[in-house]
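Asks:
Residue numbers (our numbering): 9 to 303.
This is the structure in structure tokens:
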């Protein structure tokens, strides 16, 4: 594994992760059911939104020169105008990159010009910025109806993952709000909605992930000696670990929040922070998987 490949994978993870945070947080705020709590939480996350928008655009802009360097096998190709022109004008990756760059710039513009109470706008533009991910990488390996089905499944997978990861910071803030009597009713309503939508997101993520693996690997048993299969297994195990933490929060600690509030809230917060850490690792692994050949 070369330094160039690692840099490319990290950049892919940052570009996708930044937009994922904006989509998940924006969507969860819009679905929370409490305008008052929505405004309070949005204000607390405003700097995070701006940072995510900046990182998302910067990382997206770096993807094209890294793709050029990857094709040439030489870091210097990042600054070769002829090579960059070739990638932009003559490859599917370059065409999709243009769409991604425009979408990332638009998303940053929305975030910087954000008026309070507009999380659905952030989520909508972020969803559009995530859509090109389903048009590149392994999702582009099929044509016709199968290719369309693969792209749609991949898009669902990306949206579900983005919602899960991006909604976690919102959840932590709502959890803190629940501890204050003045906010408890609003926070309770919002947390119940988080739980309901979280179940949907996890189910969609796992089902679409299985379908995606089947579409990429094809019929028959996967080769356990394949580097791609091994990295895919790591990604699956990380996702299952996140699922286990989420289920533990929901079915063990949430049930004890009234009888053991201090212990339960501490455990929920700790598990959620672990979910975020594992989610970051999943993004890094996914960034690497997209650069590997499945066969």
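Backbone N, C-alpha and C define an ideal beta-carbon position, used for all residues, glycine too.
All values derive from a computational prediction rather than experimental measurement.
List the endpoints of the continuous alpha helix (DSSP H) containing residue 86.
Replies: Translated into the one-based positions of the chain shown, residue 86 becomes position 78. First-last for residue 86: undefined, no H or E at that position.
Asks: Can you give me the Cβ contacts of residue 210 inside the same chain, cut-off strictly under 8 Å, excluding the 5 residues immediately before and after it?
Replies: Taking the first residue of the chain shown as 1, we reach residue 210 at position 202. Answer for residue 210: 168, 172, 251, 254, listed in chain order.
Asks: Determine whether the beta carbon atoms of residue 131 and residue 31 lie at a separation below 7 Å.
Replies: The sequence position of residue 131 within the chain shown is 123, counting from 1. The sequence position of residue 31 within the chain shown is 23, counting from 1. The answer is yes: Cβ separation under 7 Å.
Asks: So residue 1 and residue 280 are in contact, right, with Cβ under 8 Å, and what is the actual spacing, rounded?
Replies: As displayed, the chain neither begins before 9 nor continues past 303, which places residue 1 out of reach and without an answer.
Asks: If we count the other Cβ atoms within 10 Å of its Cβ and call it buried at 16 or more, is residue 101 buried or exposed?
Replies: Start at 1 with the first residue of the chain shown, and residue 101 comes out as number 93. Buried is the call here.
Asks: Looking at the structure shown, is residue 130 part of a helix, part of a strand, or coil, going by DSSP?
Replies: Here residue 130 refers to the residue found at position 122 of the chain shown. The answer is helix: DSSP assigns residue 130 an H, G or I state.
Asks: Going by alpha carbons, who is nearest to residue 27 out of 65, 43, 218?
Replies: For the purposes of this step, residue 27 is taken as the residue at position 19 of the chain shown. Selected option, being the one with the closest Cα: 65.
Asks: Do you know how far the Cα of residue 82 is from the Cα of residue 110?
Replies: As a working note, residue 110 is residue 102 in the chain shown. As a working note, residue 82 is residue 74 in the chain shown. Taking the straight line from one Cα to the other gives about 27 Å.
Asks: Where does residue 36 land, buried or exposed, given buried means 16+ other C-beta within 10 angstroms?
Replies: Numbered from 1 along the chain shown, position 28 holds the residue referred to as residue 36. So residue 36 counts as buried.
Asks: Using a beta-carbon distance below 7 Å, is residue 91 in contact with chain C?
Replies: Given the protein chain composition of this structure (a single chain), no chain C is represented.
Asks: Is it buried or exposed, residue 224, if we count other Cβ atoms within 10 angstroms and call 16 or more buried?
Replies: Walking along the chain shown from the start, residue 224 turns up at place 216. Classification for residue 224: buried.
Asks: Need the endpoints of the alpha helix (DSSP H) that residue 236 sits in, please.
Replies: By 1-based counting over the chain shown, the position of residue 236 is 228. Its alpha helix (DSSP H) spans residues 235-256.
Asks: Roughly how far, in whole angstroms, is the beta-carbon of residue 127 from the beta-carbon of residue 51, given that I think they are within contact range, below 8 Å?
Replies: Counting from 1 along the chain shown, the entry for residue 127 is found at position 119. Counting from 1 along the chain shown, the entry for residue 51 is found at position 43. Contact doesn't hold; Cβ gap of about 11 Å is too wide.
Asks: Rounded to whole angstroms, what is the Cα-Cα separation between residue 283 and residue 301?
Replies: Residue 283 sits at position 275 when you count from the first residue of the chain shown. Residue 301 sits at position 293 when you count from the first residue of the chain shown. Looking at the two C-alpha atoms, the distance is approximately 28 Å.
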